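What follows is a single structure, written as structure tokens, with notes after it.
Chains as they are written, first to last, in my numbering: chain H, 157 to 315; chain P, 824 to 1417.
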């Protein structure tokens, strides 16, 4: 319990720092939420409450923005986030096979996080690199022209 | 500007990165420092130089043009010693120089005219001086010293430049509205939220020539009377965001942004705002809401942003490509620009050409070019000599046009009249193996997922359209479905709040109009003519060609295929899940799809 409290205090400090750095006006809300998602993997209830005080916004307003955008998450996510492009150009060059290989390798459905908290599997809208489809994005590393048999190799780079 | 005797271009294609391109760069940098050559040899990162599977990691050294392939970082000390110190080519790694491959943007083909894309691949986007060398910011200089804001607007009006985001509203008129709108604070916004799947024209401009967009925005700000601008770029484009931020910093350091630009009274500054993953934010009022820190939901227009935009102030919003055209119009003149194109659509348009044509990638063509010329002359014709079936323009809110429309000149009006739209520039050519009902379903899946949910016609309507289309693809279609699709489409189109909902039925309406036969085959004959819809096809093994090699039986994931070696195999139709693997693995063309 004590360690939980320490964690909470640390998280609150980080959130205050983020707001101080980016700003506390309404227009800063989305960049702040993005930074919190990057830092903690998701936007916790605690974070929303703290932001409500810091930015003088009702919690429901913050929650409504946080749940609107695909890149913001109110659910905990894994250490590494894998995004698979599900758009037509990737789909037609073998994306479907790659995605099932990816799902098999991870044992996850889109939107799920692995039990060991290592991976979160998401689908993403078009990344605009259609010339090298199918495309997988692991955190910020992009892999293009992916084939089904490369999937395991790519994942093993994050061991 | 620093001068180097040699430039090393290292391919940082994803495959090359996987094979150690960055280790190569680090090692090269270390070795050049060690040998005291770091001020003489410049290292640049580039896209693929050759097939990365065959050659990667590879680099090319200029001015010699030597292409060294399959390198590892162990090889670097020797390479530096031999090539740079002793001046000898290390033959063991030197490959015959093949043409550099940029799969997204090749050298211009016949009938292409490059205006917006002219600098891409020619200049280093991360160095403003490269842009200067290609007449960069000359147009801004001309505007600030020789032209009044009204002159600028008149020039853009004379050029007949229209919005490249898709709607095609005259840009000069938009600027005039924003200029005339009352208010002391006005904003300039660049819509860089390029969300249409398969459309990446704007990304290449932002990554390859960011200053052309920034210069266009500064000129617009001068014309409208704005001192603050925003570029709203989608978060899926991290390289574009970092390139833009660097470009803005460099422009500021040269006095091209900030207070008293080029020593005049005019002040203007820019900021990049990054989206958070919502397709609907490409709609201008949703985009404004997002910059303001709200849910990206559109609102009814009027009032238009030119009157009431960001934080209620007059705001001018244009697309990336529109702004990139501006400096070129100012420098070369309205007459030059309007000499290209049709009566109402002037200049050029970039497209991301995709699908079943031989040459896919970015193209830039003058308005008025026929769809046939794009598909066959620029696109190089249909892959594998198959038959053309349809061309889809305008992204997920666009429509599909059949072969009889191929000679249509491409401009805003004719595409609209034909039942499609210009859109932002996605163009997909489809061959005879495409099922048009399945295509309509695919696009509807996208729009119903991206509907923001604010208005009912779009939220519920797109969902219902998708359900009906799924039913037809699954073989449950009825005659009433056709009427309902049409009626529902009309309602969604008329009653939705924004362009997303109003355009959402287009893929359905255009395929109903031009490919009714295929809908009827699905509904009345329970048959998919293109043999795509899984529920409506069966796989059978032909007696003659089957050699009984057992490959199909061994690969079938549900063990639905049986038969003795060297005897014709049989598929158990009840067990078959129609995955198509047998069709793919059979080497004797013995699997028939009916």
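Ideal placement from N, C-alpha and C gives every residue a C-beta, glycine not left out. These figures come from a predicted structure and were not determined experimentally.
Sequence-distant partners of residue 865(P) (beyond 5 residues in either direction) whose C-beta falls short of 6 Å from its own C-beta, in its chain, are 827 and 830. Rounded to whole angstroms, the Cβ separation of residue 189(H) and residue 228(H) is 5 Å, and the two are in contact under 8 Å. Boundaries for residue 890(P): no alpha helix (DSSP H) harbours it, while the beta strand (DSSP E) harbouring it runs 889-891, taken from the DSSP string. Collapsing the DSSP output to three states places residue 189(H) in a helix. The continuous beta strand (DSSP E) containing residue 829(P) extends over residues 829-834.
Within a 10 Å sphere around the beta-carbon of residue 1388(P) sit fewer than 16 other beta-carbons, which makes this residue exposed.
Shown here for residue 1259(P): same chain residues with a beta carbon closer than 7 Å to its own, the five before and five after excluded, namely 1213, 1223, 1334, 1338 and 1341 in chain order. Exclusion of the five residues before and after residue 911(P) leaves 905 as the residues of its chain whose Cβ lies within less than 6 Å of its Cβ. In the DSSP assignment, no residue is bridged to residue 994(P). Within the region 1096-1138 of chain P, the runs of alpha helix (DSSP H) at least 4 residues long that lie entirely inside it are, in chain order, 1107-1114. At a C-beta separation below 7 Å, residue 255(H) has no neighbours in chain P, since its nearest C-beta there lies roughly 14 Å away. Within the region 211-232 of chain H, 220, 221, 224, 225, 226, 227 and 228 place their CB atoms closer than 8 Å to a CB of chain P, listed in sequence order. Around residue 1102(P), the beta-carbon contacts reaching into chain H at under 7 Å are 281. Along the region 166-210 of chain H, the alpha helix (DSSP H) occurs as fully enclosed runs of 4 or more residues at 185-196, listed in sequence order.
Membership of residue 1189(P) in the beta strand (DSSP E) is indicated by the continuous run 1184-1189. Proximity of the region 1038-1047 of chain P to the region 1086-1097 of chain P meets the contact definition, three or more beta-carbon pairs being nearer than 8 Å. With contacts defined by Cβ atoms closer than 9 Å, residue 943(P) and residue 1074(P) do not form a contacting pair. The three-state reading of DSSP puts residue 1345(P) in helix, counting H, G and I together. Straight across, the Cα-Cα distance linking residue 1359(P) with residue 1307(P) is about 22 Å. Considering only 1069(P), 1236(P), 1020(P) and 1007(P), the residue with the shortest C-alpha distance to residue 1032(P) is 1069(P). Sequence-distant partners of residue 279(H) (beyond 5 residues in either direction) whose C-beta falls short of 6 Å from its own C-beta, in its chain, are 240, 242 and 266. Interface criterion not met: the Cβ of residue 1409(P) is under 9 Å from no Cβ in chain H. Contact residues of the region 933-965 of chain P toward chain H are absent (C-beta to C-beta distance below 7 Å). From the beta-carbon of residue 887(P), no residue of chain H is found nearer than 7 Å; the closest lies around 28 Å away. Counting only residues of its own chain and dropping the five nearest sequence neighbours on each side, residue 1087(P) has a CB closer than 7 Å to the CB of 967. The Cβ atoms of residue 1153(P) and residue 962(P) lie closer than 9 Å to each other.
Taking 8 Å as the Cβ-Cβ cut-off, the region 181-192 of chain H approaches chain P at 181, 182, 183, 184, 185, 186, 187, 189 and 190, given in chain order. For residue 1060(P), the chain H residues whose Cβ falls inside 7 Å of its Cβ are 284, in order along the chain. With a threshold of 16 other beta carbon atoms within 10 Å, residue 837(P) meets it and is buried. About 5 Å separates the beta carbon of residue 1177(P) from that of residue 245(H), a gap short enough to meet the 8 Å contact definition. Taking a beta-carbon distance threshold of 9 Å, residue 263(H) does not count as an interface residue toward chain P.
When C-beta distances to chain P are compared with 7 Å, the residues of the region 286-297 of chain H below that value are 286, 287, 288 and 296, in chain order. Taking C-alpha positions only, residue 1163(P) is separated from residue 1171(P) by approximately 7 Å. Residue nearest to residue 1188(P) within the set 1215(P), 1226(P), 1282(P) and 1234(P) is 1234(P) (criterion: CA-CA distance).
Fewer than three Cβ pairs drawn from the region 1079-1086 of chain P and the region 1122-1129 of chain P lie within less than 8 Å of each other, which leaves the two stretches out of contact. In this structure, the CA atom of residue 985(P) is about 25 Å from the CA atom of residue 1202(P).
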